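Chain order of the listed sequences is A and B. Throughout the first sequence, residue numbering follows the numbering used here, covering 5 to 356 in sequence. Throughout the second sequence, residue numbering follows the numbering used here, covering 187 to 351 in sequence.
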Amino acid sequence: MKTFDYVRPATVREAVAAASEPGAAYLAAGTNLLDLMKGGVSRPSRLVDINHLPDLDHIEDLAGGGVRIGALVRNAELARDRGFARRFPAVAEALLSGASAQLRNAATVGGNLLQRTRCAYFYDVASACNKRDPGSGCDARGGDNRLHAALGWSKSCIATHPSDFCVPLVALDAVVEIEGKAGRREMPLEKFHRLPGDAPERETMLEPGEMIVAVRLPAEAAGFAAHARYLKVRERTSYAFAVVSAAAALRVEGDRIADARLALGGVAAKPWRAREAEVILTGTRVDGALFHRAAEAALADAKPSGDNGFKIELARRIAARALSLAAAGTPERVPALPASPFAPVSGDVIHA
Amino acid sequence: MAFSTTLTVNGVRRTIQLDDPRVTLLDLLRERLELTGTKKGCDRGQCGACTVIVDGRRVNSCLALAISHDGADVLTIEGVAQSNRLHPVQEAFIAHDGLQCGFCTPGQIMSAIGLIQEGEAGDDPERVREGMSGNLCRCGAYQGITEAVLEAQKTLGAVSRRKVA
Chain A
5 MKTFDYVRPA TVREAVAAAS EPGAAYLAAG TNLLDLMKGG VSRPSRLVDI NHLPDLDHIE
65 DLAGGGVRIG ALVRNAELAR DRGFARRFPA VAEALLSGAS AQLRNAATVG GNLLQRTRCA
125 YFYDVASACN KRDPGSGCDA RGGDNRLHAA LGWSKSCIAT HPSDFCVPLV ALDAVVEIEG
185 KAGRREMPLE KFHRLPGDAP ERETMLEPGE MIVAVRLPAE AAGFAAHARY LKVRERTSYA
245 FAVVSAAAAL RVEGDRIADA RLALGGVAAK PWRAREAEVI LTGTRVDGAL FHRAAEAALA
305 DAKPSGDNGF KIELARRIAA RALSLAAAGT PERVPALPAS PFAPVSGDVI HA
Chain B
187 MAFSTTLTVN GVRRTIQLDD PRVTLLDLLR ERLELTGTKK GCDRGQCGAC TVIVDGRRVN
247 SCLALAISHD GADVLTIEGV AQSNRLHPVQ EAFIAHDGLQ CGFCTPGQIM SAIGLIQEGE
307 AGDDPERVRE GMSGNLCRCG AYQGITEAVL EAQKTLGAVS RRKVA
């Protein structure tokens, strides 16, 4: 690991000033950053430790029904907050389906948004990677790429964003609060991550020195609580990144869908909101064939970026299944295996 | 540049001078405090052998920067037994053969203590397996580990009920 200057600011303003220097990086839990630094993938010359900043670790109910989650709230703490999990169950399920218990106890909300792709060529410093080393090429394109992007990729990068948490957040219109030298600004999470285009090294809209201070969910997001699920295909039962995932949320009135949300994970360089599918679902009767039509629309623009054509059909099926599970209703308690596609709808034990 | 960090490790307050900011909590425990019960497996947060409890939460000490944990309370495998009496989770691992080579065991035990404190798994083996999925055992002692966690949880539940009564 390359050595670095260690800075521990006392205020957000000091943190932003310290992180505006070239080569600086913020340190929250470090569960992704330290791993990247050990591998020589990230080589910051200065770490700005924000763990000791005050007031960034609160989960705050907002007047009007929304919630504001501080950037330093730990994943497990948010998922286990009963009030939060009751109102935003798909977000809690996504959090609990990610990483391991140890990592969820450490990893932060802000860090989750800013985690890097798990593309093996990005991690291998001997490989060409336009994201790690702009202009060097992309060894993933001719390599082992069955887990790479099927939407929004470019010739310069076919990596995916690995977050589970971001998928229901983007479905539920989460907003990111950002502090920078010029003060506070905010933007929808949907606009926060960039597609690779010809500059895959620019992954988010953050300017140098800018810091995520909170993520907000609007009051309307809680309106989906009775019909909201996250579903995630993994290559092993637990503790693995998504091959493909989907967050589905419905507001059901009688036998009709008054409002629908769908987002996909593991398919693109950003959490992928499927607005075309939502249009098909809204105002119609709850019906399995409809869910398949919506899933078709969600993947209409998908193209394999390598040996990953199977992910497109898999994503359709996972999207349709997530919608069916959401329509069946949010379970009383997050299932033993959160977000598992092997879980029966009834919630019975899987490996009895 | 020298850095000073203060930690409470197994109930003892320690102030440590660090000559390098790169030291992880794992390396600090093993190499500076000679607490080698905590194991270095993958050193990348994938195997769970380095699990310790920091401020009441189980974490991977290999992915924690020591200097960032100034003021933290750390519990390691060396701190769980009381004089000659093993912790109920240690006793249950022995009773149920929850190990073979033993390398992953300190991490398994610290993770199990964390899981039981979190109180989410109940008596459901599926929830125990899911809750322990961050600890790999290459000998494959998972059956015994799950049984040990379930039994330790029962024992600890009975102890805490007696304390309340």
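The C-beta atom is built at its ideal place from N, Cα and C for all residues, glycine as well. This structure is a prediction, so every number in the text was calculated from the model and none was measured.
Separation of residue 6 of chain A from residue 129 of chain A, as counted between CA atoms
14 angstroms
Nearest-angstrom beta carbon gap, residue 100 of chain A and residue 338 of chain A [assumed within contact, 8 angstroms]
6 angstroms
Are the C-beta atoms of residue 312 of chain B and some chain A residue less than 7 angstroms apart?
yes
Could you give the C-beta distance for residue 4 of chain A and residue 205 of chain A, rounded to a whole number, given that I count them as a contact under 8 angstroms?
A question about residue 4 of chain A goes unanswered here, because the residues of chain A that appear run from 5 up to 356.
Consider the Cβ of residue 243 of chain B: report whether some Cβ of chain A lies at a distance smaller than 7 angstroms.
yes
Establish whether the CB of residue 55 of chain A and some CB of chain B are separated by less than 7 angstroms.
yes
So with Cβ pairs under 7 angstroms, would you call residue 270 of chain B a contact of chain A?
no
Please report the Cβ distance between residue 244 of chain A and residue 322 of chain A, rounded to the nearest whole angstrom; I am assuming they are in contact, meaning their Cβ atoms lie under 8 angstroms.
Between residue 322 of chain A and residue 244 of chain A the Cβ distance is about 15 angstroms, and since that is not below 8 angstroms, they are no contact.
For residue 107 of chain A, which residues in chain B fall below 9 angstroms Cβ to Cβ?
231, 245, 246, 249 and 320
Interface residues of chain A around residue 301 of chain B at Cβ under 7 angstroms?
105
How big is the Cα-Cα spacing for residue 12 of chain A and residue 207 of chain B?
12 angstroms
Would you list the residues sitting across from residue 226 of chain B in a DSSP beta bridge?
Residue 226 of chain B pairs with nothing; no bridge assigned.
Indicate whether the contact test is met: 3 or more Cβ pairs, each with one atom in the region 31-50 of chain A and one in the region 188-208 of chain A, closer than 8 angstroms.
no
Give me the Cβ distance between residue 334 of chain B and residue 278 of chain B, rounded to the nearest whole Å; I'm assuming they're in contact under 8 angstroms.
4 angstroms
Under 9 angstroms between beta-carbons, which chain A residues line up against residue 213 of chain B? List them in chain order, please.
Within 9 angstroms Cβ-Cβ: nothing; residue 213 of chain B doesn't reach chain A, min ~11 angstroms.
Enumerate in chain order the residues of its own chain whose CB-to-CB distance from residue 188 of chain A is below 8 angstroms, with the five nearest sequence positions on each side excluded.
181, 182 and 217
Where does residue 328 of chain A sit, in a helix, a strand or coil, going by DSSP?
helix
Residue 329 of chain A classed as buried or exposed, judged by whether at least 16 other C-beta atoms fall within 10 angstroms
buried
Please confirm whether residue 238 of chain A and residue 259 of chain A have their CB atoms less than 7 angstroms apart.
no
Taking the Cβ atom as the reference point for each residue, do residue 316 of chain B and residue 340 of chain A lie within a distance shorter than 7 angstroms?
yes
Identity of the residue in A:97, A:320, A:213 and A:18 nearest residue 167 of chain A by Cα
A:97
Grouping DSSP H, G and I as helix and E and B as strand, with all else coil, what is residue 352 of chain A?
Note that residue 352 of chain A scores a pLDDT of 46, beneath 50, so its modelled location is shaky; the value from the coordinates is reported in the next line. Residue 352 of chain A falls in the coil class under three-state DSSP.
Using the C-alpha atoms, what's the distance from residue 50 of chain A back to residue 231 of chain B?
22 angstroms
Measuring only the C-alpha atoms, how far is residue 203 of chain B from residue 79 of chain A?
31 angstroms
Considering only residues of the same chain and omitting the five flanking positions on each side of residue 323 of chain B, which have a CB-CB separation below 6 angstroms?
290
So, does the CB of residue 39 of chain A fall closer than 7 angstroms to a CB anywhere in chain B?
yes
What's the C-alpha gap between residue 160 of chain A and residue 268 of chain A?
22 angstroms
Would you decide whether residue 195 of chain A is buried or exposed? Buried here means 16 or more other CB atoms lie within 10 Å of its CB.
exposed
Can you name the start and end residues of the beta strand (DSSP E) that residue 283 of chain A belongs to?
Counting along the chain, residue 283 of chain A falls outside any beta strand (DSSP E), though it belongs to the alpha helix (DSSP H) covering 279-285.
Is residue 254 of chain B close to chain A, meaning its C-beta is less than 7 angstroms from at least one C-beta of that chain?
yes
Would you say residue 74 of chain A lies against chain B (beta-carbon separation less than 7 angstroms)?
no
Using 7 angstroms as the threshold, is the C-beta distance between residue 225 of chain A and residue 115 of chain A below it?
no
Neighbour flag for residue 202 of chain B against chain A, beta carbons, 7 angstroms:
no
Within the present structure, is the beta-carbon of residue 188 of chain B separated from the nearest heavy atom of the ligand MN by less than 6 angstroms?
Absence of the ligand MN from the depicted structure is noted, as is the absence of any ligand whatsoever, leaving it without description.
Residue 164 of chain A - partner residues in DSSP beta bridges:
For residue 164 of chain A, which the question treats as bridged, DSSP gives no partner whatsoever.
Where the beta strand (DSSP E) containing residue 178 of chain B begins and where it ends
The structure shown has nothing for residue 178 of chain B, since chain B only spans 187 to 351.
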